[in-house]
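Novice:
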Amino acid sequence: MTHRGLAEAVDRMRRRGLGPEAITVFEHYFHELEHGAEGTIPEATIEPLGEVRALGEAPVNAEEARRALSQTAVIKLNGGLGTGMGMTGAKSALEVKDGLTFLDIIALQVLSLREQYDVELPLVLMNSFRTSDESLKILGKYPDLPVDGLPLEFIQNAEPKLRPGALTPVDWPADPELEWCPPGHGDVYVSLVTSGVLDSLLAKGIRYAFLSNSDNLGATCDPDVAAWMVEHDLPFVAEVCRRTKSDRKGGHLAVRKSDGRLILRDTAMVEEGEERYFRDIERHSTFNANNIWINLEVLRERMTSHGGVLGLPIIVNHKSVDPADPDSPEVIQVESAMGTAIEVFEGSEAILVPRTRFRPVKTTNDLLVLRSDYFSFDDSYHVVAARPGPEPYVDLDSAYRFVPGFENRFRHGVPSMAECTSLRVIGDPVFGKDVRCVGDVLIDGLARIQDGAVIGERPRPPRHRDIRSVDQHLRAILGALQPAPTVSLPLTEAMGLVVARDVRSRLDLPGFDNSSMDGYAVQADSLSGVGERPVRLRLVGEVAAGGDGKALRVGPGEAVRIMTGAELPEGADAVIAVEDTDGAAAGQVECRAKVRRGQYVRPRGEDVRQGSLVVPAGDVIGPRSIAVLAACGHAEVQVHQRPHVVVLSTGAELVSPGEPLGRGQIHDSNSSMLWAEAINVGATAEIRTAVGDTEAELLAALDAVVGEADVVITSGGVSMGAYDVVKSALSSEGVDFVKVAMQPGKPQGFGFLTGPGGRRVPLFALPGNPVSSFVSFEVFVRPALRRLMRLQPEKRRLRRAALTSGVTSPDGRRQFGRAVVTRSPDGPLIAAPVAGQGSHFVGDLAKANALFVVPDDVTQLDSGDVVDVVLLDFEV
Numbered sequence: 000m001t002h003r004g005l006a007e008a009v010d011r012m013r014r015r016g017l018g019p020e021a022i023t024v025f026e027h028y029f030h031e032l033e034h035g036a037e038g039t040i041p042e043a044t045i046e047p048l049g050e051v052r053a054l055g056e057a058p059v060n061a062e063e064a065r066r067a068l069s070q071t072a073v074i075k076l077n078g079g080l081g082t083g084m085g086m087t088g089a090k091s092a093l094e095v096k097d098g099l100t101f102l103d104i105i106a107l108q109v110l111s112l113r114e115q116y117d118v119e120l121p122l123v124l125m126n127s128f129r130t131s132d133e134s135l136k137i138l139g140k141y142p143d144l145p146v147d148g149l150p151l152e153f154i155q156n157a158e159p160k161l162r163p164g165a166l167t168p169v170d171w172p173a174d175p176e177l178e179w180c181p182p183g184h185g186d187v188y189v190s191l192v193t194s195g196v197l198d199s200l201l202a203k204g205i206r207y208a209f210l211s212n213s214d215n216l217g218a219t220c221d222p223d224v225a226a227w228m229v230e231h232d233l234p235f236v237a238e239v240c241r242r243t244k245s246d247r248k249g250g251h252l253a254v255r256k257s258d259g260r261l262i263l264r265d266t267a268m269v270e271e272g273e274e275r276y277f278r279d280i281e282r283h284s285t286f287n288a289n290n291i292w293i294n295l296e297v298l299r300e301r302m303t304s305h306g307g308v309l310g311l312p313i314i315v316n317h318k319s320v321d322p323a324d325p326d327s328p329e330v331i332q333v334e335s336a337m338g339t340a341i342e343v344f345e346g347s348e349a350i351l352v353p354r355t356r357f358r359p360v361k362t363t364n365d366l367l368v369l370r371s372d373y374f375s376f377d378d379s380y381h382v383v384a385a386r387p388g389p390e391p392y393v394d395l396d397s398a399y400r401f402v403p404g405f406e407n408r409f410r411h412g413v414p415s416m417a418e419c420t421s422l423r424v425i426g427d428p429v430f431g432k433d434v435r436c437v438g439d440v441l442i443d444g445l446a447r448i449q450d451g452a453v454i455g456e457r458p459r460p461p462r463h464r465d466i467r468s469v470d471q472h473l474r475a476i477l478g479a480l481q482p483a484p485t486v487s488l489p490l491t492e493a494m495g496l497v498v499a500r501d502v503r504s505r506l507d508l509p510g511f512d513n514s515s516m517d518g519y520a521v522q523a524d525s526l527s528g529v530g531e532r533p534v535r536l537r538l539v540g541e542v543a544a545g546g547d548g549k550a551l552r553v554g555p556g557e558a559v560r561i562m563t564g565a566e567l568p569e570g571a572d573a574v575i576a577v578e579d580t581d582g583a584a585a586g587q588v589e590c591r592a593k594v595r596r597g598q599y600v601r602p603r604g605e606d607v608r609q610g611s612l613v614v615p616a617g618d619v620i621g622p623r624s625i626a627v628l629a630a631c632g633h634a635e636v637q638v639h640q641r642p643h644v645v646v647l648s649t650g651a652e653l654v655s656p657g658e659p660l661g662r663g664q665i666h667d668s669n670s671s672m673l674w675a676e677a678i679n680v681g682a683t684a685e686i687r688t689a690v691g692d693t694e695a696e697l698l699a700a701l702d703a704v705v706g707e708a709d710v711v712i713t714s715g716g717v718s719m720g721a722y723d724v725v726k727s728a729l730s731s732e733g734v735d736f737v738k739v740a741m742q743p744g745k746p747q748g749f750g751f752l753t754g755p756g757g758r759r760v761p762l763f764a765l766p767g768n769p770v771s772s773f774v775s776f777e778v779f780v781r782p783a784l785r786r787l788m789r790l791q792p793e794k795r796r797l798r799r800a801a802l803t804s805g806v807t808s809p810d811g812r813r814q815f816g817r818a819v820v821t822r823s824p825d826g827p828l829i830a831a832p833v834a835g836q837g838s839h840f841v842g843d844l845a846k847a848n849a850l851f852v853v854p855d856d857v858t859q860l861d862s863g864d865v866v867d868v869v870l871l872d873f874e875v
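Position 84 (the sequence shown) corresponds to 83 in numbering that gives the first Met the number 0; numbering is contiguous.
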């Protein structure tokens, strides 16, 4: 019952030494949870934020800035352990630039501001118990940092994780610390009170605080914002940045209709089915940078008048008790967000700041760019970029995911990135010293990058390039792709996907000694006297498969009837087959054969031992691996996600199959074909209605699907015609249109749309003729989808076949002809080109089961010549 759950939770919190204020806040949220609160904010209850004052619109003079900073403290949220980057200690202790950690840089930024404005500007960390010692040791290098009368830290509160339904605290003996969770960053206000730091700050004349995450190096204490807050005596200010398509998942500010107050709606607070409103960057045009300014006097008054409960909106997070094991039991974590306090204080404001104030480091990809020469420090230890525009895009192989592996592979330093636009690394090469990356760089299959190597080439203009070879275009595509994210799926949904991490057995298999025969469980010594005469044993019970064999015991002269697969009773060490007995009668069984110890017994762990590797990372899930995973207790498996492909055809002449045709119209065959191709690779796919011949229609259709798609495929509109809108609309949207030296399929487009949260969604713009579209998918899209899924090999295997008739091919272009491949009576493959080789012959395409490949330097092949063939269906 929930009241018992609350009592247990409160008792645990008291025993952990948590203060009464923290317990009161937990009780407040528990009662909300008990009454079904989910913490969601329906779209119908809010209005868009509207115009926001921009930082710098009214610059302040140095004296105003000094006066504001003299009343301000910097508070950094510093409880994170960086487990997502393979760290065990404080994330802020990671060296990120020029041998300096996050905390070093924060300290130097604060000391620089103190010197520049001649103010105290206290720095205080909100630590967890696990980050405190390490963080204070780093700050100990700066003896001038502490301010008299103020601590350098206070400790964040903790609360029990709860079982869903029962709402009782979870037990996890394997790691009792995992039974606890932080209450979210909204706890900073409660922890300021419980620690006494709030009173200490106010006693020092500190009226304002700037709060931000310690891993966001863009979040510096800005004098202009501080002065504006002081001038207007504001209770609370939230920094926001202009949203782009990269920020569709970030929390945004809005106006609550009921009272006109500003609110924050975070990702976890979106009503089910309303994600499209949340991602609408036109309607909700800013995102929360989680850089907060607060009037501490107003905070003190509010906390006092409301019994220590600030009343932030509840966030109900459903997690697994062990974050590293998605199969561990589900728990509820009750949290609140720091930024949601904007609705609590009347008169709160938002301020629009540049994106340079939002520069978090969440992955080793971010870390590489930050450590490189793309970024440097100015005199105030602000991080500045080497050039305007977007940062280099980095995608490192999973071998680099965790910091120890990253450090080992960059032991001589990260490469120069000042001239780099993108870097993708497949495999785990070790980088030498003084390596330089230029333009778009793909590293695949190398063991080491030599000292002084210059990798890549200066990027050429992205549009209207000279013609590319097929191999060049494919390399450009594959080099730009990131592997699909990993996801835990039920076994029934994981078929054909690549295992993302080693899977070990949770139990012995079999899990108990059991019988491999129908018969009788006995002690082997009881039958040692069997010879010319049988031995009779007393029957003391029976156990079937699924029964509790250990509830029975076999002694000397005794037997238990046992079925195949049933657990061996206590005392038994062998099984005699039913065929070697009389089948039992009158409570006895006559045994006519001797048995040895262990006969017809399957020992526990004979097949698989608990903890042993059963399916390694990189294996493709199939029926056999599903069998062993299920047997070893795994209902789900971590795999590389199946990409979702959205297919769009363009052209006003297109009509859905089965619909009546008007003059000049044709049925849309490409969409169905490309859908089937994607399904055949192993992706999921859907067809969206054909798009007309205007740029507005196309862009609207793409915007509607980019939040759902992992890959978008268009067909048509990539040539030079007046109605080829795909090229004209997307050339300015990050899609590169090129000519490829191939037939069919010369015009090709590839690039990225920006999805929610900055997710890059690959877009393939294929030609519109059916055969051209099909060949383009086979040559470029199929390998790309398989790379996303980590499937090997990425390309179909080439075979060799003799042509049955001669063919011609254009000079300088690789031809992919269609053929029917069969096996000749004497064994070798033969390829018969279909009659219609034009790019519009869909009927002849359907007859073909292979593509024959004519090299770009060959213009004529005769009957009997042997060529490479790509088998499209199955082995011939």
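Heads up, the beta-carbon is just placed ideally off N, CA and C, and yes, glycines get one too.
All of these numbers come straight from a predicted model, not from anything done at the bench.
Measuring only the C-alpha atoms, how far is valine 865 from serine 808?
Specialist: So the two alpha carbons sit approximately 15 Å from each other.
Novice: Find out if the Cβ-Cβ distance for the pair threonine 888, proline 359 is shorter than 8 Å.
Specialist: The requested residue 888 is not part of the displayed model; the chain covers only 0 to 875.
Novice: Taking just the CA atoms, how far does glycine 510 sit from lysine 593?
Specialist: Spanning the two alpha carbons is a distance of roughly 27 Å.
Novice: Asparagine 215 bridges to which residues according to DSSP?
Specialist: In DSSP, asparagine 215 forms a bridge with Pro359.
Novice: Could you name the residues that DSSP lists as bridge partners for cysteine 240?
Specialist: Paired residue(s): Phe286.
Novice: Helix, strand or coil for phenylalanine 776, going by three-state DSSP, please let me know.
Specialist: Three-state DSSP puts phenylalanine 776 in a helix.
Novice: Under the assumption that glycine 4 contacts alanine 157 (Cβ atoms under 8 Å), give the Cβ distance between them as a whole number of angstroms.
Specialist: No, glycine 4 and alanine 157 are not in contact; Cβ-Cβ is about 17 Å, not under 8 Å.
Novice: Nearest-angstrom Cα distance between alanine 684 and leucine 80?
Specialist: If you take the alpha carbons of alanine 684 and leucine 80, they lie about 38 Å apart.
Novice: What are the residues that DSSP puts in a beta bridge with isoleucine 686?
Specialist: Paired residues: Val646.
Novice: Tell me, which residues are paired with glycine 816 by DSSP?
Specialist: DSSP, once it has assigned bridges, lists Phe851 as partnering glycine 816.
Novice: Apart from the five residues on each side of it in sequence, which residues of its chain come closer than 7 Å, Cβ to Cβ, to valine 192?
Specialist: Result list for valine 192: Glu20, Met302 and Gly307, in chain order.
Novice: Here's the rule: buried if 16 or more other CB atoms are within 10 angstroms of the residue's CB, otherwise exposed. What is lysine 160?
Specialist: It is buried - the Cβ of lysine 160 has at least 16 other Cβ atoms within 10 Å.
Novice: What does a CB cutoff of less than 7 Å around alanine 520 pick up in its chain, not counting 5 residues either side in sequence?
Specialist: Once the five neighbours on either side are set aside, the close Cβ partners of alanine 520 are Ser514, Val553, Ala558, Val559, Ile561, Leu567, Pro568, Ala571 and Val574.
Novice: Please classify aspartate 394: is it buried, with 16 or more other beta-carbons within 10 angstroms of its beta-carbon, or exposed?
Specialist: By the 10 Å Cβ count, aspartate 394 comes out buried.
Novice: Does DSSP put glutamate 273 in a helix, a strand or coil?
Specialist: The answer is coil: DSSP assigns glutamate 273 none of H, G, I, E or B.
Novice: Can you give me the Cβ contacts of tyrosine 380 inside the same chain, cut-off strictly under 7 Å, excluding the 5 residues immediately before and after it?
Specialist: Hits under 7 Å: Ile104, Leu107, Gln108 and Ser111.
Novice: Our contact map puts serine 371 next to proline 414 with C-beta atoms below 8 Å; I'd like the distance itself, whole angstroms only.
Specialist: The pair is a contact, with the Cβ atoms about 7 Å apart (cut-off 8 Å).
Novice: Among residues of its own chain, excluding the 5 on either side of serine 668, which ones have a beta-carbon nearer than 7 Å to its beta-carbon?
Specialist: Pro769 and Val841.
Novice: Quick one: give me the first and last residue of the alpha helix (DSSP H) that alanine 253 is part of.
Specialist: It is not in any alpha helix (DSSP H) - alanine 253 instead sits in the beta strand (DSSP E) that spans 251–255.
Novice: Inspect the beta-carbon positions of valine 440 and isoleucine 454 and report whether they are closer than 8 Å.
Specialist: A contact, by the Cβ cut-off of 8 Å.
Novice: Between which residues of its own chain and alanine 53 is the CB-CB distance below 7 Å, once the five residues before and five after are set aside?
Specialist: Here the set comprises Leu351.
Novice: Since alanine 499 contacts alanine 616 with CB under 8 Å, what's their CB separation in whole angstroms?
Specialist: Going by Cβ atoms, the distance from alanine 499 to alanine 616 rounds to 6 Å, so yes, they are a contact pair.
Novice: Please identify the residue among Gly35, Val297 and Met12 whose C-alpha is closest to the C-alpha of proline 25.
Specialist: It is phenylalanine, not proline, that sits at residue 25 in the sequence shown. Nearest option by C-alpha distance: Met12.
Novice: Apart from the five residues just before and just after arginine 812, which ones in its own chain have a Cβ nearer than 8 Å to its Cβ?
Specialist: So the list reads Ala740, Met741, Gln742, Lys745 and Asp855, once near-sequence residues are dropped.
Novice: State yes or no: is the C-beta of leucine 762 within less than 8 Å of the C-beta of glycine 750?
Specialist: Yes, these two residues count as a Cβ contact at 8 Å.
Novice: Alpha carbon to alpha carbon, how far is aspartate 501 from asparagine 407?
Specialist: Taking the straight line joining both Cα atoms gives about 22 Å.
Novice: Entirely within the segment 50–111 and at least 4 residues each: give me those alpha helix (DSSP H) ranges in chain order.
Specialist: Entirely contained in the segment 50–111, the alpha helix (DSSP H) runs reaching 4 residues are, in chain order, 61–68.
Novice: Helix, strand or coil for isoleucine 205? Go by DSSP, reduced to three states.
Specialist: Isoleucine 205 falls in the coil class under three-state DSSP.
Novice: Taking the beta carbon of valine 791 as the centre, do at least 16 other beta carbons fall within 10 Å, making it buried, or is it exposed?
Specialist: Here residue 791 is glutamine; the residue named in the question, valine, does not match the sequence. Glutamine 791 is exposed by the Cβ-count criterion.
Novice: For the ligand GDP, I want to know if aspartate 581 counts as a neighbour, meaning its beta carbon is within less than 7 Å of at least one of the ligand's heavy atoms.
Specialist: Here there are no bound small molecules, and the ligand GDP is not part of this structure.
Novice: Give the single residue among Gly217, Leu506 and Tyr141 whose Cα lies nearest to the Cα of arginine 608.
Specialist: Nearest option by C-alpha distance: Leu506.
Novice: Any idea what DSSP makes of tryptophan 292, helix, strand or coil?
Specialist: If DSSP states are grouped into helix, strand and coil, tryptophan 292 belongs with the strands.
Novice: Who are the Cβ neighbours of glycine 444 in its own chain at under 6 Å, not counting the five residues just before and after it?
Specialist: Cβ within range, chain order: Gly426.
Novice: Rounded to a whole number of angstroms, what is the C-alpha to C-alpha distance between valine 638 and serine 421?
Specialist: Each residue's Cα considered, the two are about 26 Å apart.
Novice: Check aspartate 450 in the structure and name its three-state DSSP category.
Specialist: Three-state result, aspartate 450: coil.
Novice: Is it the case that the segment 255–266 contacts the segment 194–204, given that we only count it when at least three CB pairs across the two stretches are under 8 Å?
Specialist: Contact between the segment 194–204 and the segment 255–266 is absent, because fewer than three Cβ pairs lie under 8 Å.
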